[in-house]
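Chemist: Supplied in structure tokens, the structure appears directly below.
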Amino acid sequence: MSIAERIGQAVLFEAIALLLSFGLVQVFDHHTDEGNGWQVWAMLLGISLLAMVWTFVYNLLFDRLFTQDKLDRPIWLRALHIIGFEGGLLCFTLPLVMWVLGIGVWQALMLDVAMSLTVLVYGFIFYWVYDVLRARLLMAK
Numbered sequence: 005m006s007i008a009e010r011i012g013q014a015v016l017f018e019a020i021a022l023l024l025s026f027g028l029v030q031v032f033d034h035h036t037d038e039g040n041g042w043q044v045w046a047m048l049l050g051i052s053l054l055a056m057v058w059t060f061v062y063n064l065l066f067d068r069l070f071t072q073d074k075l076d077r078p079i080w081l082r083a084l085h086i087i088g089f090e091g092g093l094l095c096f097t098l099p100l101v102m103w104v105l106g107i108g109v110w111q112a113l114m115l116d117v118a119m120s121l122t123v124l125v126y127g128f129i130f131y132w133v134y135d136v137l138r139a140r141l142l143m144a145k
């Protein structure tokens, strides 16, 4: 996959994730009902950009710390990787969600966990569908 295609894939993924996240925030918080939807969009865009930067930095550091072949990584190390990633991202996003939405720690944590689980399921489906469609397009050429 070319760099341009990877960038396109990331932008498409994040655009759909933003729409899903905005809907989720509406269900959990109703902040957008007060006419402050632009604040929620700005927050979600910020989280999206933060997640992309965090992904790059975290994976770079993780790969330097755990140098074995990625295909040979045991399940426990893969679990450690995703738990560390999500925990680190939560450290950045939780205060932001609390501040923008004006909610407490518990409510922000529940919203953040719901968003993370949604993106987890969405990511699984998105990348599977993307790979299938990409393979079909390449075979058709």
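When you line the sequence shown up against my numbering, it's residues 5 to 145, in that order. Backbone N, C-alpha and C define an ideal beta-carbon position, used for all residues, glycine too.
(1) Identify, in the order they occur along the chain, each residue of the same chain with its Cβ nearer than 8 Å to the Cβ of ILE20, setting aside the five sequence neighbours on each side.
(2) If I follow the unbroken alpha helix (DSSP H) through GLN111, where does it start and stop?
(3) If distances are taken between C-alpha atoms only, which option among PRO99, PHE17 and VAL61 comes closest to TYR134?
(4) Identify the continuous alpha helix (DSSP H) that holds GLN43 and give its terminal residues.
(5) Nearest to GLY27 by CA position, among GLY41, VAL15 and PHE66, is which residue?
(6) If I'm right that ASP116 touches THR97 with Cβ under 8 Å, what's the distance once you round it to whole angstroms?
(7) Using a Cβ-Cβ cutoff of less than 7 Å, which residues in the same chain neighbour LEU4 once the five nearest sequence positions on both sides are dropped?
(8) When we look at the beta-carbon of MET47 and count the other beta-carbons within 10 Å, is it buried (16 or more) or exposed?
(9) Check GLY27 in the structure and name its three-state DSSP category.
(10) Quick test of your reading: VAL109 and MET102, contact by CB under 8 Å. State the CB separation rounded to the nearest angstrom.
(11) If you measure between the beta carbons of HIS85 and PHE60, is that distance less than 7 Å?
Modeler: If we stick to the structure as given:
(1) TYR126 and PHE130
(2) 109-144
(3) PHE17
(4) 41-69
(5) GLY41
(6) 6 Å
(7) Here the chain comprises residues numbered 5 to 145, so residue 4 is not present and cannot be evaluated.
(8) buried
(9) helix
(10) 7 Å
(11) no
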